[in-house]
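Participant: I have a structure here, written as structure tokens, and I will follow up with some questions on it.
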Amino acid sequence: MTVDDIDQMKPNGSTALHVACYNGHIEIVQLLLEANSDRSIMNKYKCLPFDEGATEEIKELFLRAPNSNRLVSNTGAMEWDLVDDEVAEKAAEDQKIIKSLFSSASDIDKMFDRIEKNYIGKRLHNVKGVKDIERYFRKARKEQNPEHIIKAYTAETDFYHVLNIELASGSTMYIHKRRYIIALLRHHPALDKYSYTGLSFRGMKITDDDLKKYKTGSCLMTKSFLSTSVDRKVAEAFSFQQNYAHSSVIPHSRVKADGNLVKFPAICTYRIRHKRSGLHIENISQYPVEGEVLIMPHYVFKVQQITKTASTVLPNNQSVVEFELEECDPYQQ
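Take 1 as the starting number for the sequence shown in full-length UniProt numbering and just add one per residue.
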């Protein structure tokens with residue numbers, strides 16, 4: 001039996017994962033999740049499997065490992081470019097190229113096919129979780145639906161990791177295929193309903209030297225896709241390496257001789273102002289409890305404020321840095 005067979009809607013209007021969650025069969029739920037059953041399918045009652053979990057123990061099976069780097073970065077250098085005229089001009093050029101890919105319906109059809117064959121099939125053929133990545137992109141091509149790309153992005157595979165490293169580093173290999181992915185997620189009308197404006201939150205690990213690079217009033221351009229959350233507590237959990245089911249800190253962060261952390265946590269608050277700069281993908285994410293908002297590459301945010309506050313969670317009441325960032329009008333500083 002394939003994963004697609006497992007995910008089929010049954011005559012009762014639910015998938016096998018819904019049924020196991022609803023009836024409290026924790027061992028079956030665990031087996032289905034280990035088989036990578038789709039967590040984002042809604043049943044006829046408009047409920048996700050997580051929503052129907054009969055016990056807290058079942059719901060905890062749906063939480064991502066707290067030591068994941070999903071909603072936290074180990075350095076601002078991987079996420080942001082400090083904006084000057086040259087960076088802004090390049091970002092504007094990239095946006096024009098990406099938008100031009102949506103010039104005709106035939107181009108859109110080809111994008112799904114080329115991403116699957118030439119990026120997934122050639123670049124990602126031996127990465128962690130490749131079978132699941134291939135399954136999602138096969139569905140995306142067959143249905144011409146970019147929602148499956150988001151499902152692949154949110155799954156616990158190496159797809160999002162490899163994609164974002166290549167975007168942030170400016171790698172030229174497979175650049176056109178990565179632009180197709182950005183174009184589909186940025187412009188495809190099927191995702192209009194997920195467009196989000198408002199606040200979202202992301203964690204970061206930062207050193208004192210990193211912090212000196214960023215000043216109030218400076219502008220930063222996103223270099224890759226950024227996973228943020230509408231729930232600040234979720235971002236804090238990833239940043240502090242907490243188990244957000246139990247609020248316990250995982251004690252393996254590197255500490256200096258004086259007892260202070262080598263990299264201290266930061267919380268970035270993003271104010272998203274423009275349509276399709278961010279997508280609220282909670283209901284199509286493989287981890288809906290994270291309340292994810294996906295911010296697009298090549299968008300500019302101004303640093304409105306940087307503050308340090310003592311943490312009530314970290315050892316010795318160590319400081320947490322707070323970045324408040326607001327989206328700028330397109331390519332204006």
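Positions of the beta carbon are idealized from the N, C-alpha and C atoms, including for glycine.
#1: Any idea what DSSP makes of GLY278, helix, strand or coil?
#2: Return helix, strand or coil for MET204, following the three-state DSSP convention.
#3: In chain order, which beta strand (DSSP E) runs of at least 3 residues are fully inside the stretch 163-231?
#4: Would you kindly report the start and end of the unbroken beta strand (DSSP E) that includes ASP81?
#5: Suppose you measure from the CA of residue 337 to the CA of ILE133; what does that come to, to the nearest Å?
#6: Cutting at 6 Å between CB atoms, please list the residues of its own chain near SER247, excluding the five before and the five after it.
#7: With DSSP collapsed to three states, give me the class of GLU327.
#8: Once you ignore the five residues that flank ILE41 on each side, which residues in its own chain have a CB closer than 7 Å to its CB?
#9: Give me, in chain order, the residues of the same chain whose beta-carbon lies closer than 7 Å to that of GLN95; leave out the 5 immediate sequence neighbours on both sides.
#10: Tell me which residues share the same chain as TRP80 and place their Cβ nearer than 6 Å to its Cβ, disregarding the 5 neighbours each side in the sequence.
#11: Please classify PRO11 as buried or exposed, where buried requires at least 16 neighbouring CB atoms within 10 angstroms.
#12: Given that a residue counts as buried once 16 or more other Cβ atoms are within 10 Å of its Cβ, and exposed if not, what is PRO49?
#13: Could you check which residue in ILE108, GLU34 and THR309 has the C-alpha nearest to that of GLU156?
#14: Could you check what DSSP says for GLN95 in three-state terms: helix, strand or coil?
#15: Quick check on GLU292: does DSSP put it in helix, strand or coil?
#16: Out of GLU166, GLU93 and PHE102, which has the shortest C-alpha to C-alpha gap to TYR119?
Facilitator: With the structure as the only source:
#1: The count along the sequence shown starts at 1 and reaches residue 278 at position 278. When DSSP states are grouped into helix, strand and coil, GLY278 belongs to the strand group.
#2: Numbered from its first residue, the sequence shown carries residue 204 at position 204. The answer is strand: DSSP assigns MET204 an E or B state.
#3: Within the stretch 163-231, the complete beta strand (DSSP E) runs of at least 3 residues fall at 198-206, 219-222 and 226-229.
#4: Taking the sequence shown and counting its residues from 1, one reaches residue 81 at position 81. ASP81 -> beta strand (DSSP E) spans 80-82.
#5: No information on residue 337 is available, as it lies outside the stretch 1 to 333 that the chain covers here.
#6: The residue given as residue 247 occupies position 247 in the sequence shown. Residue placement at SER247 is flagged as unreliable, the pLDDT there being 47, under the threshold of 50; the coordinate-derived value follows with that caveat. None.
#7: Counting from 1 along the sequence shown, the entry for residue 327 is found at position 327. Note: GLU327 maps to strand in three-state DSSP.
#8: Position 41 of the sequence shown, counted from the first residue, corresponds to residue 41. Once the five neighbours on either side are set aside, the close Cβ partners of ILE41 are ASP7 and THR15.
#9: Here residue 95 is taken as the residue at index 95 of the sequence shown, counted from 1. So the qualifying residues of the chain are HIS298.
#10: The residue you call residue 80 lines up with position 80 of the sequence shown. Counting only residues of its own chain and dropping the five nearest sequence neighbours on each side, TRP80 has a CB closer than 6 Å to the CB of LEU220.
#11: Translated into the one-based positions of the sequence shown, residue 11 becomes position 11. Exposed is the label assigned to PRO11, since fewer than 16 other Cβ atoms lie within 10 Å of its Cβ.
#12: Position 49 of the sequence shown, counting from 1, holds the residue named residue 49. Around the Cβ of PRO49, a 10 Å sphere holds 16 or more other Cβ atoms; the residue is buried.
#13: As a first step, residue 156 must be located in the sequence shown, where it is residue number 156. From the listed residues ILE108, GLU34 and THR309, the smallest Cα separation to GLU156 is found for GLU34.
#14: Here residue 95 refers to the residue found at position 95 when the sequence shown is read from its first residue. Reduced to three states, the DSSP call for GLN95 is helix.
#15: Here the question's residue 292 lines up with position 292 in the sequence shown. Under the three-state reduction of DSSP output, GLU292 falls in the strand class.
#16: Taking the sequence shown and counting its residues from 1, one reaches residue 119 at position 119. Looking at the Cα atoms, GLU166 is the closest of the given residues.
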